[in-house]
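Notes follow once the structure below has been shown.
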């Protein structure tokens, strides 16, 4: 009995501790990420928290349990509206289904900003601060094709994707890569429908090392002559590399990836990954906080980048083996700007 | 009776909140006898039996085994003193084999390194003893000692539980409603078993609602009422209707039998 | 005076069949015979399914599937979930369930990784620290189940999240890179070392899995503790009355399961190469899947530990076979789902043996 009471008291204290700052400041903002497991979102949260502290904004953070956890995000939006916040920053797991709950938020006078992943339709948010995931994929695809040169015509490509449910970030990077490589992607809204014989197969990795390892094993069993590996992110790439090492093929295969986290860029330096497209989650988050502050102050909304429907926070190809026709930055520059 | 009781209890009290399950209950079991305990539902006979077998710890009162006070804080301690109980639920593990069940909680280990260091059970010896004990009670056609208990009929399971108690009980065997769940023929077989166990010298406490069974096998009948012993009667001198009248309170015990 | 009701109402029973409480053996149809056989040998169902699926995929997916190399690769792929399934089997045999096995494993390898790579402890000491943490996690589960008497499902639903939260808070979700482990503590990857036998390639992790299953087969079937695990899961009250200290047995089961998760953690570093906080997210459910397909009853007390090994292999064979046959990953989910339902339905049928 006493033990139970102590537990309850402990929980209550913890809750009270978390809730106290809410009373200190009056401009509220919410950050809703896909998960709080992925270092990318962990970093995004750090960027937002730092900026919010600097600007005197009270930030509450929410996240889904896994990528694709739509319900948790809807609940977070409802909590956020109820808390009287001025704006929401969201990386949506389900970019279509989230539109209705967000409309309620906008009707309630909140500024809604999509981070990283645009909503469908894109104008369901007041503004979008995103990296162009398709462009990120296109860059590594073009780099891989240029690096192979003539051999690109009979490359054997392994596609290490994110999840069976085909979340949009996974589709955009995948289809961007294939487009950059020069492969007909058929329906650009999904992966796996391509019939180009150079694609050995698609496997899902959940975006972590263990998934990358198993997926690569399965694709190598299908065809041991794979020489190009697209990976959804750098942890999956690290897992795939372990498999290639186990098969004694680590020097014959080109691995490309997306993210630009510090361990990932380090892996580019170590020759594990050939090239990676670096994104800037800190920048997205701090821009988002600034926009909410401006909205709270005088009702202005941020403008998109010229010629685009969203504000592009940029993407750079990081590699030490630059190729003609594909702009890239060096590993040193990548290390300077990396996150996590 | 100048013989010392094997098992004796004095002034047992057990309360559950405001309910008094045992109200200064006394109990005596003499060597070589079958003592039946009867009483209406809620009279507290189960609680008394559990107090004697270590499954319940009385709030006050004492239990004497061979005249010496004993205190059991769990059923295992009662068994280490030679008191075995066949519970109404039988306390058998349905998925385990007959041999496993007979030795549950007191498995035999092999001698030497395999037993001491690797703690290996001596299955062969356990099976042999189980077989022998079942044979002693005429329960066994030998080959199925590794059969799971759940594949046995109700009477067969009761047989296993009785054999287990008889094999390990050196002082007392307590049987809680051994015939309640059984058909006529199976009950008969179990009654024969009870008599066989008694004939091998073990005193038995038999808790039962079944008056014909009680009056058939019991040497004495302990009548429990309102948490205590009302009286003890000789089944050869009283009828079943006397017993029922006493335990329901329709009749008060004659002067010479009444408890102080 | 003889009691009036002592009339001989059972006097005609002598004419009835005396064979009541003897033990007899009678089976009727071949189907019932099969049912009885499977009831007595619970690991046979998964063995049969495993053999059938290997043969079927051998035809469907051809030589690429049926090569020694691929079959040994499947064993490498299931090694970690297999070891976790061993821990899970112990818990499920006690009529519990452990949703936290994978979280304990991840926490344990994060400790091993950070102690050795970040803080420079000797690898052996770091591994021991990881194992102790894993046993501690098991003890937390066990104490909540036995002392506070909460249902295992709820306890481990909670600790699953708590252990993972500790992992994410501690690591910031950052992996320790394979190259950094090679430099600082290569022994952490011991179970990723490989040996070739003919065309087959095994990691030490595969042998570890087989060794753990052999050990726990022995413990469950040849020691008193093993019998008590079954008895507690089968009918805890009966076990209590039979004199088993069921609380202690349960607590020890959770601690031992934690230890097995810790051993899995060491093997997992070898398997994945890096120390990855975000990996093995579904390994808890996969371990339950292996146990269920392996024929162990979720109601406790019934099942064979080797069944879980075969269950894990069946899942591995299906997923490899379907991939090599060119099926989309979605079909793998579908097939495993069907297997689970089939396995439980079969278990129910086997448990309905008539006497």
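Residue numbers (our numbering), protein chains in the order written: chain H, 1 to 340; chain B, 1 to 260; chain A, 1 to 355. Backbone N, C-alpha and C fix where the C-beta goes; we use that ideal spot for every residue, glycine too. Just so you know, these numbers come straight off a predicted model, no measurement behind them.
Selection from the options that minimises the alpha carbon distance to residue i
i              : options                           : result
residue 237(B) : 22(B), 82(B) and 216(B)           : 216(B)
residue 343(A) : 298(A), 262(A), 167(A) and 76(A)  : 298(A)
residue 93(A)  : 302(A), 151(A), 165(A) and 195(A) : 302(A)
residue 331(A) : 82(H), 204(H) and 309(H)          : 204(H)
residue 138(B) : 190(B), 230(B) and 49(B)          : 190(B)
residue 193(A) : 230(A), 162(A), 309(A) and 272(A) : 272(A)
residue 261(H) : 43(H), 30(H), 99(H) and 97(H)     : 43(H)
residue 141(A) : 319(A), 33(A), 263(A) and 98(A)   : 98(A)
residue 195(H) : 189(H), 188(H) and 184(H)         : 184(H)
residue 207(A) : 199(A), 218(A) and 195(A)         : 195(A)
residue 443(A) : 242(A), 60(A) and 161(A)          : Residue coverage of chain A in this structure runs from 1 to 355, which leaves residue 443(A) outside it and unanswerable.
residue 350(A) : 29(A), 30(A) and 37(A)            : 37(A)
residue 34(H)  : 51(H), 57(H), 241(H) and 69(H)    : 69(H)
residue 112(B) : 53(B), 9(B), 121(B) and 43(B)     : 121(B)
7 Å CB neighbourhood of residue i in its chain, flanking five on each side removed
i              : result
residue 168(H) : 95 and 117
residue 136(H) : 173, 176, 258, 277, 279 and 315
residue 295(H) : 86, 87, 111 and 301
residue 5(H)   : Low confidence applies to residue 5(H): its pLDDT is 47, below 50, so where it sits in the model is not reliable, and the reading given next is rough at best. Cβ within range, chain order: n/a, list empty.
residue 297(H) : none
residue 107(A) : 133, 137, 163, 166 and 167
residue 20(B)  : 227
residue 142(B) : Summary for residue 142(B): the model assigns pLDDT 45, below 50, so the residue's position carries little reliability; its value from the coordinates is reported in the next sentence. 131.
residue 331(H) : 265, 268, 269, 318 and 320
Same chain, Cβ closer than 6 Å to residue i, five either side skipped, listed in chain order
i              : result
residue 228(A) : 244 and 249
residue 261(A) : 87, 101, 104, 105 and 134
residue 123(B) : none
residue 4(B)   : 67
For residue j and residue i, believed in contact at Cβ under 8 Å, the rounded distance
i              : j              : result
residue 36(B)  : residue 184(B) : With 8 Å as the limit, residue 36(B) and residue 184(B) do not qualify as a contact, their Cβ atoms being about 19 Å apart.
residue 149(B) : residue 92(B)  : 5 Å
residue 90(H)  : residue 115(H) : 7 Å
residue 65(B)  : residue 22(B)  : Contact flag wrong, Cβ pair sits at about 18 Å.
residue 73(H)  : residue 84(H)  : The pair is not a contact, with the Cβ atoms about 19 Å apart (cut-off 8 Å).
residue 39(B)  : residue 223(B) : 6 Å
residue 234(A) : residue 300(A) : 6 Å
residue 61(A)  : residue 324(A) : 4 Å
residue 90(A)  : residue 310(A) : The Cβ separation is near 17 Å, so there is no contact.
residue 202(B) : residue 169(B) : 6 Å
Cβ-Cβ distance between residue i and residue j below 9 Å
i              : j              : result
residue 209(A) : residue 341(A) : no
residue 205(B) : residue 173(B) : yes
residue 205(A) : residue 270(A) : yes
residue 199(B) : residue 33(B)  : no
residue 129(A) : residue 111(A) : yes
residue 181(A) : residue 120(A) : no
residue 113(H) : residue 274(H) : no
residue 152(B) : residue 126(B) : no
residue 275(A) : residue 253(A) : no
residue 232(H) : residue 178(H) : no
residue 209(H) : residue 170(H) : no
residue 315(A) : residue 81(A)  : yes
residue 426(H) : residue 145(H) : Beyond the ends of chain H as shown, which are 1 and 340, falls residue 426(H); an answer cannot be given.
residue 147(B) : residue 97(B)  : yes
residue 32(A)  : residue 39(H)  : no
residue 166(B) : residue 116(B) : no
residue 90(B)  : residue 267(A) : no
Other residues of its chain near residue i: CB distance less than 8 Å, five sequence neighbours each side excluded
i              : result
residue 180(B) : 88, 208, 209 and 210
residue 136(A) : 258
residue 201(A) : 69, 72, 73, 76, 194 and 195
residue 118(A) : 176
Check: residue i C-beta below 8 Å from any heavy atom of the ligand FMN
i              : result
residue 296(H) : You won't find the ligand FMN in this model; it holds no ligand whatsoever.
If contact is defined by three or more beta carbon pairs under 8 Å, each pair taking one atom from either stretch, is the region 290-297 of chain A in contact with the region 35-48 of chain A?
These segments touch.
Contact between the region 73-80 of chain B and the region 215-225 of chain A (3+ Cβ pairs under 8 Å)
For the pair of segments examined, the region 73-80 of chain B was found not to touch the region 215-225 of chain A: the number of CB pairs separated by less than 8 Å stays below three.
Touch check for the region 147-163 of chain H and the region 119-136 of chain H: three-plus C-beta pairs under 8 Å?
Touching, no.
Taking contact to mean 3 or more Cβ pairs, one atom from each stretch, closer than 8 Å, check whether the region 310-326 of chain H and the region 232-252 of chain H are in contact.
The region 310-326 of chain H makes no contact with the region 232-252 of chain H: fewer than 3 CB pairs, one atom from each, lie closer than 8 Å.
Can we say the region 225-237 of chain H touches the region 157-165 of chain H, given the rule of at least three CB pairs closer than 8 Å?
Between the region 225-237 of chain H and the region 157-165 of chain H, the count of Cβ pairs shorter than 8 Å is three or higher; the stretches touch.
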